[in-house]
Amino acid sequence: MRDLGNSIIHLFLGNNTLQEVINKTDPAKPWAKFESRYKSKSLINQLYLKKQPHALHMMEGANFMEHLNEFKRLLIELEVIGVKVEEENKAVIMLVSLSPTYEHLSTTLMYRKDTLRIDETVATLLSHKSMRKKETENYSKERAMIAADGGHVRGQTTERRDGSKLRGRSQLRGCPQSIDYKKKCYYCDKEGHIIKFCPKLKAKKKEKEKKN
1 MRDLGNSIIH LFLGNNTLQE VINKTDPAKP WAKFESRYKS KSLINQLYLK KQPHALHMME
61 GANFMEHLNE FKRLLIELEV IGVKVEEENK AVIMLVSLSP TYEHLSTTLM YRKDTLRIDE
121 TVATLLSHKS MRKKETENYS KERAMIAADG GHVRGQTTER RDGSKLRGRS QLRGCPQSID
181 YKKKCYYCDK EGHIIKFCPK LKAKKKEKEK KN
C-alpha cells in the first residue's frame, strides 16, 4: 500500500521536486512536506489578492470603463479562491478608488443612503459619466454656435481681443462647469450650486458627525 501511495505521489511531481522524496518510504512524510509548502503559498496568494482591490486607484483623466473592468476582474479573482466581499464593502472600495473628479459624487452616495450596493453605485456612476459627456458635447456645440455668430450669446456680446468689455453671464473658459446657469447639484437636484457647496449635504454631514 505504501509503494502504491509513493507511486501516485511521484507520478505528479516534477524532476526537481521528485529528487527531494525519491528515497522516502512513507508516503505520509512527502505529502505533509508538500502540503505545508504549497498551502503556505496559497495563503500568501490569498492575502495578495485581498489587497489588490484596496490598492486599486484611478488616475485623474483615466478611462472610467477600464477602471471598472479592472475592479470587476479583481472581485472575480477573489470569488474564484472562495473569498466573499460584502455588497457594501464592494461599493465603498469602488468609491474610494475613484479619481478626485468623482470626490463630491462619492461623498454624496456615501451620505445619501444608509446602505450601499455595488450594482446601484455602478449604475449611478455610469449615469453621472453619461451626463457629463452630454454636457460637454452640448457646451462644445454652444461654443461653435457662438464662434459662428461672431461672439454673440443670446443677444449679448462676449469679450473680444480688442479689449471690449464682457457683457452677459456666459463666459468661455473651456469647461461646462464654469457656466453658472448650467451648475446643478447631484445631491439635492437643485440648480445654482454644485455638490461641494450644497447646504443640504453639509447639514447631513454635521448631523451624522454628531451621532458618531
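Just so we're aligned, residue 1 is where the sequence shown starts under the UniProt record's numbering, counting upward by one.
Just so you know, even glycine gets a beta-carbon here, dropped at the ideal spot from N, CA and C.
Quick check on this structure: which residue in the options has the alpha carbon closest to the alpha carbon of residue i?
i: M131; options: L105, I118 and D114; result: L105
i: L75; options: K90, K190 and M65; result: K90
i: L56; options: F64, E70 and K134; result: E70
i: H54; options: L98, S140 and Y102; result: L98
i: residue 230; options: A123, T136 and R112; result: Outside the displayed span of the chain (1 to 212) sits residue 230, for which this structure offers no information.
i: T108; options: A123, E209, K196 and K129; result: K196
i: L68; options: A32, D114, S42 and K129; result: K129
Beta-carbon within less than 7 Å of residue i's beta-carbon, same chain only, minus the 5 sequence neighbours each way: which residues are those?
i: Q46; result: I81 and V83
i: E207; result: none
i: E87; result: R117 and I118
i: V85; result: L75 and L78
i: A203; result: none
i: Y205; result: Reading the sequence as shown, one finds Lys at residue 205 and not Tyr. Within the same chain, K205 has close Cβ partners Y111.
i: T121; result: A91, M94, L95 and L109
i: C198; result: C185, Y187 and C188
i: K210; result: none
Output needed for residue i: all residues of its chain with C-beta closer than 8 Å, excluding positions within five of it in sequence on either side, in chain order.
i: M110; result: V92, L95 and L116
i: K50; result: L78 and V83
i: E60; result: S99, P100 and T101
Tell me whether residue i, by its Cβ, gets closer than 7 Å to a heavy atom of the ligand FAD.
i: N69; result: By its list of ligands, the structure shown contains no ligand whatsoever, and the ligand FAD lies outside what it can speak to.
Quick check on residue i: buried or exposed, where buried means 16 or more other Cβ atoms within 10 Å of its Cβ?
i: Y48; result: exposed
i: L125; result: buried
i: M58; result: buried
i: T136; result: exposed
i: G168; result: Low confidence applies here, because G168 scores a pLDDT of 43, under 50, leaving its location unreliable; read the following figure in that light. Exposed, since its Cβ has fewer than 16 Cβ neighbours within 10 Å.
i: A32; result: exposed
Apart from the five residues just before and just after residue i, which ones in its own chain have a Cβ nearer than 6 Å to its Cβ?
i: F64; result: K129
Verify the CB distance criterion: does residue i have a CB-CB separation below 8 Å to chain C?
i: E137; result: The structure shown has no chain C; it contains just one protein chain.
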